[in-house]
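*Asks:* Counted from 1, the sequence shown has number 59 at position 60 by numbering that gives the first Met the number 0; the numbering is strictly sequential. For every residue, glycine included, the Cβ atom is placed at its ideal position computed from N, Cα and C. Pasting a structure below so you can have a look.
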Amino acid sequence: MGNPIKTVLKITKSYGLKASGVYLLNKLGRVTCDVVVEHLVTLPVNQISDSGPLLDGFEARWMTPEEVCEFSQDPSNDLTLEFAEGVKSNNRCFGIMSQGRLAAYGWYTLHQVKPEYFFQTGMQLPQNLVYMHKGFTHPDFRGQRLHAKGMQLALKSLNEEGVEAIISTVDWTNFASLKSCDRLGYQRLGRLMKCTLLGRTFSRFPPAAVQIGISQGSQLPSLVPA
């Protein structure tokens with residue numbers, strides 16, 4: 000992020016001293032014990048605001064594995080063939096297309112989340128929750144609120160299958176995203192933490208997440224007592 004002093008001053012001006020302390024603590028933790036900290040957040044589907052109609056020239060729908068595979072051929076779409084394989088199981092990709100181009104998409108997972116998509120540990124979800132682990136808007140289509148519209152339409156569809164809330168993660172130093180989540184009404188379930196001490200990897204999973212039926216997939220040694 001450039002000059003550390005300028006970064007701290009910028010963070011302090013925009014988000015306050017506490018945010019600067021988090022930034023510095025994160026820097027120290029990354030160097031000393033490879034620490035990773037993220038907030039686990041959730042938002043009820045019925046609280047997602049209407050972002051307005053989809054603009055003319057765009058169409059939105061769940062994408063087929065074949066479509067994901069086709070769009071993955073273009074590196075600017077930030078998709079891989081592995082994503083196409085995922086659509087065949089419990090992963091879903093909701094895309095917004097324009098004249099044959101992929102303008103935006105959101106990646107959602109039901110029931111069981113693989114370690115590579117969640118904190119390198121994986122996660123089990125109850126039937127009424129869905130995990131969104133990626134949202135992407137192509138640079139050529141940014142500024143048109145496509146991400147918000149895509150999420151609204153995708154979750155409306157999933158709600159018809161019994162999904163009541165979305166789960167996601169935000170890095171604890173991504174202050175802009177955290178502020179946006181707070182403004183939208185997301186509830187913070189707690190911090191996910193993972194670090195390596197003396198060659199062993201430890202983790203912490205928020206108790207509030209367990210209380211609503213979420214469980215960590217791979218059970219690493221706990222960072223703190225349960």
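What does the Cβ neighbour count give for Gly94, buried or exposed, with the cut at 16 atoms within 10 Å?
*Replies:* So Gly94 counts as buried.
*Asks:* In whole angstroms, what is the alpha-carbon distance linking Val255 and Ser88?
*Replies:* The displayed coordinates of the chain run from 0 to 225. Any statement about residue 255 would go beyond what the structure contains.
*Asks:* Straight-line CA distance for Met131 to Gly161?
*Replies:* Met131 and Gly161: Cα-Cα distance of roughly 16 Å.
*Asks:* From this set, Leu154, Trp171, Glu84, Val112, which residue's C-alpha is nearest Asp49's C-alpha?
*Replies:* Asp49 has its Cα closest to that of Leu154, out of Leu154, Trp171, Glu84, Val112.
*Asks:* Threshold first: 4 residues or longer. Then list the alpha helix (DSSP H) segments lying entirely within the segment 131-186, N to C.
*Replies:* The qualifying runs are 145-158, 174-183.
*Asks:* Excluding the five sequence neighbours on either side, which residues of its own chain have a C-beta within less than 8 Å of the C-beta of Gly149, listed in chain order?
*Replies:* The answer, listed in chain order, is Ala59, Phe93, Gly94, Ile95, Ala103, Tyr104, Gly105, Gly134.
*Asks:* Report the residue from Asn173, Val35, Ala207, Gln143 whose alpha carbon sits nearest the alpha carbon of Ile166.
*Replies:* Taking only the C-alpha atoms, the option nearest Ile166 is Ala207.
*Asks:* So, do the segment 209-217 and the segment 109-120 have three or more beta carbon pairs nearer to each other than 8 Å?
*Replies:* Cβ pair count under 8 Å is three or more, so yes.
*Asks:* Classify Gln98 as helix, strand or coil using the three-state DSSP reduction.
*Replies:* In this structure, Gln98 counts as coil in the three-state DSSP scheme.
*Asks:* Among all the DSSP beta bridges, which residues are the ones paired with Ser13?
*Replies:* DSSP lists no partner for Ser13.
*Asks:* How big is the Cα-Cα spacing for Thr63 and Tyr107?
*Replies:* Straight-line Cα distance between these residues: approximately 14 Å.
*Asks:* Pull up the CB-CB distance for Val44 and Asn158, whole angstroms please, since I reckon it's below 8 Å.
*Replies:* Between Asn158 and Val44 the Cβ distance is about 5 Å, and since that is below 8 Å, they are a contact.
*Asks:* Applying the criterion that 16 or more other CB atoms from any shown protein chain within 10 Å of the CB defines a buried residue, is Gln175 buried or exposed?
*Replies:* Looking at the sequence itself, residue 175 is Ala, so the reference to Gln does not match. Looking at its Cβ environment, which holds fewer than 16 other Cβ atoms inside 10 Å, Ala175 is exposed.
*Asks:* When DSSP builds the beta bridges, which residues end up paired with Asn90?
*Replies:* Beta-bridge pairing links Asn90 to Thr108.
*Asks:* For the alpha helix (DSSP H) that Glu115 lies in, which residues bound it at each end?
*Replies:* Neither: Glu115 is in no alpha helix (DSSP H) and is coded neither H nor E.
*Asks:* For the pair the segment 24-41 and the segment 190-198, tell me if three or more CB-CB distances fall below 8 Å.
*Replies:* Yes, the segment 24-41 is in contact with the segment 190-198.
*Asks:* Is Gly188 near Thr31, with beta carbons less than 8 Å apart?
*Replies:* Before going further, note that residue 188 is Leu rather than Gly in the sequence given. Contact: no.
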